[in-house]
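Data block below; observations after.
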Amino acid sequence: MAVNLALADAYSVDARRDPLGRTWVGWDRTASDEVLWAVNRGRWRLDERALTRERFATISYRGVVQIVAELEGYESVPADPKPGLKKALLGRVLAPGDPVRDALVGRLVGRQRNPVSYVDTSDVDSISAAERARTGPERGDHAFLVTNNPGLWAWNEDEYDEDVRTAAAGGIVRGQWSVGPRTGGIEPGDRVFMLRQGRDRRGIIGSGTFTSRVFQDAHWDETKPNDANYALIDWDALVDPEDVLPIERLKAELSDQHWEPQASGTSIRQEVRRRLEQIWAGHLGRPVSRRTARRQAWQLDPERRKQVEDAAQDRLMRHYRDLGWQVQDTRHGNPYDAIAVKGAEVRYLEAKGTETVGRAVIVTPGEVEHARKHPGQCVLGVLSDIEFTAAGDLVPNSGIFRMFDWCPEATDLVARSYDYTLNGQPLTE
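Residue numbers (the working numbering): 302 to 730.
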């Protein structure tokens, strides 16, 4: 079983009175999994004996599991203003690709008056740590179309306008969308494109990534007694219907795909998907991203993780050596990866590598503390968009390398250890 925490919509709290120093709690569809876990892990009335038995915790919203964390314990916090103590959970948020996370996200838990319930995890309890760490098979270029006909169901105009702005600024826009008659075949990480249908302004208006498998819930059309099939989606791009990628262009340039499906959930042909990504990126006026994940996720495969870490550190150290600095590898036993010296100048170097687009990276409390004690002397080098071959070997010289002044502010950190938002302009591209 997993303890489930059911969230309502986000609301403000007084940080001066909150034992965890929070300014808000609840569900915010623009917040990352790590932020939502950090602000909602406590305070709850939880049975200590039950907690000692549970390996996982889930966070649900509107009756659907959205986030899964592996528990590492709990802490007691004041129940203020009432006497007594409540519990705040300690744990690590699981990323897409973890089989436990992928099996539980999208699962229905129902809407109950008690915000604390339990989810049956008997189907995943037998998955070993080794199996969870194993890299899964390559799925290839799997992508799907979901549809929206404003004549049948219209997105709230004010909400949609805000979602367009959030996506344009690089933020998260979470959603749940019908996938029509499809009951399977969608996996977390698969691409999705929103096709606007109806009488006018038909074409692509959005793109994103599925974050769950298919699940059933009450039909979006309240007149229908049967359930509908859904999947959770993180949208990375949404445009105003006036800026739609026209269906006429899709038909002319991608004629191998049927662009007038009867329902959501249609698979996009692999050869079409690659060209569609290019056309869509050109329509948006920004480069194609090989991945839609914005934040560095914990890589479960230790060999792959080491290749990523080594590539980032080698790139950062090489940069300073090329500029005439004396560089020493100090990654073992120190809260920084290398030290560069030129005359009286000293720079502490911190390297982070990721296969994502790298809008945020994982940093530890020790790394943060050291950087704060040495303001102006710390540099963060980030190698993002690292690529691997089908055989699992890192592609030499792949990735995008950027350097930042490593001056972590509290507003840029999310407790995990931390996610550090890459703030300001890179020192170099």
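Backbone N, C-alpha and C fix where the C-beta goes; we use that ideal spot for every residue, glycine too.
So, at 8 Å on beta carbons, what are the nonlocal neighbours of Tyr362 in its own chain, with the 5 sequence-adjacent residues on each side left out?
Contacts found: Ala307, Leu308 and Trp328.
Local conformation of Lys383 per DSSP, three classes
coil
Does the distance from the CB of Val628 to the CB of Met618 come in under 7 Å?
yes
Among Val394, Ile360 and Asp381, which one has its Cα closest to the Cα of Gly322?
Asp381
Is the beta carbon of Ala692 sitting closer than 7 Å to the one on Gly654?
no
Contact check, Tyr637 vs Leu650 under 8 Å by CB: the rounded distance?
6 Å
For Thr448 and Ser508, I'd like the C-alpha separation in whole angstroms.
12 Å
Between which two residues does the beta strand (DSSP E) containing Gly654 stretch?
Element bounds for Gly654: Glu646 to Gly654.
Exposed or buried, what is Trp599 when buried is set at 16 or more other beta-carbons lying within 10 Å of its beta-carbon?
With a pLDDT of 48 at Trp599, under the threshold of 50, the modelled position of that residue is not reliable, and the figure given next carries that caveat. Exposed is the call here.
Helix, strand or coil: how does DSSP classify Asp638 here?
coil
Going by DSSP in three states, Ile687 sits in which element: helix, strand or coil?
Ile687 sits in coil when the DSSP states are folded into three classes, being neither helix nor strand.
Rounded to a whole number of angstroms, what is the C-alpha to C-alpha distance between Ala332 and Gly644?
Looking at the backbone, the Cα of Ala332 and that of Gly644 are separated by about 44 Å.
Using beta carbons (cut-off 7 Å, strictly below), is Met618 in contact with chain D?
In summary, chain D is missing from the structure at hand, where a single protein chain is found.
State the DSSP-derived secondary structure class of Thr484, mapped to helix, strand or coil.
coil
Check whether the Cβ atoms of Ala370 and Ala358 lie closer than 7 Å to each other.
yes
Cβ distance (whole Å) where Ile428 is taken to contact Pro400 below 8 Å
6 Å
8 Å CB neighbourhood of Leu386 in its chain, flanking five on each side removed:
In its chain, beyond the 5 residues on either side, Ser377, Val378, Pro379 and Ala380 have a beta carbon closer than 8 Å to the beta carbon of Leu386.
Counting along the chain, where does the beta strand (DSSP E) carrying Leu551 start and finish?
Premise fails: Leu551 lies in the alpha helix (DSSP H), Ile548 to Glu554, not in any beta strand (DSSP E).
Ignoring anything shorter than 3 residues, give me the beta strand (DSSP E) runs that lie fully in the segment 343-418, in order along the chain.
Entirely contained in the segment 343-418, the beta strand (DSSP E) runs reaching 3 residues are, in chain order, 343-345, 357-362, 365-379 and 386-394.
Distance, Cα to Cα, Asp537 vs Phe516?
22 Å
DSSP three-state label for Thr732, please.
Beyond the ends of the chain as shown, which are 302 and 730, falls residue 732; an answer cannot be given.
Who does Ala519 pair with in a DSSP beta bridge?
Asp528
Integer Cβ distance of Ala532 from Trp478, believed to fall under 8 Å:
Going by Cβ atoms, the distance from Ala532 to Trp478 rounds to 7 Å, so yes, they are a contact pair.
Compute the distance between the beta-carbons of Asn450 and Arg483, then report whether it is under 7 Å.
Against a cut-off of 7 Å, the Cβ pair of Arg483 and Asn450 comes out as no contact.
Simplified DSSP assignment, three categories, for Glu668
Correct three-state label for Glu668: helix.
Between His633, Val662, Gly634 and Gly682, which lies nearest to Arg648 when the distance is taken from Cα to Cα?
Gly682
Apart from the five residues just before and just after Arg330, which ones in its own chain have a Cβ nearer than 6 Å to its Cβ?
Arg475
For Arg574 and Asp544, I'd like the C-alpha separation in whole angstroms.
20 Å
Three-way DSSP call (helix, strand, coil) for Asp706 in this model
Looking at Asp706 - three-state DSSP - the assignment turns out to be strand.
Outcome for Asn698 when other beta-carbon atoms lying within 10 angstroms are tallied against a minimum of 16:
exposed
Would you tell me roughly how many angstroms separate the C-alpha atoms of Asp611 and His559, rounded to the nearest one?
44 Å
For Ser513, which residues of its own chain have a beta-carbon under 7 Å away from its beta-carbon, when the five flanking residues on both sides are left out?
Val406, Gly407, Pro489, Ala532 and Leu533
If you drop the 5 nearest sequence neighbours on each side, which residues of the same chain put their C-beta closer than 7 Å to that of Ala404?
Asp424 and Val425
State the start and end residues of the unbroken alpha helix (DSSP H) segment that holds Ile580.
For Ile580, the enclosing alpha helix (DSSP H) stretches over residues Gln571 to Leu585.
Going straight from the alpha carbon of Pro320 to that of Gly411, what length do you get?
30 Å
Which whole-angstrom value describes the C-beta separation of Phe511 and Asp491, a residue pair presumed to lie in contact below a C-beta threshold of 8 Å?
5 Å
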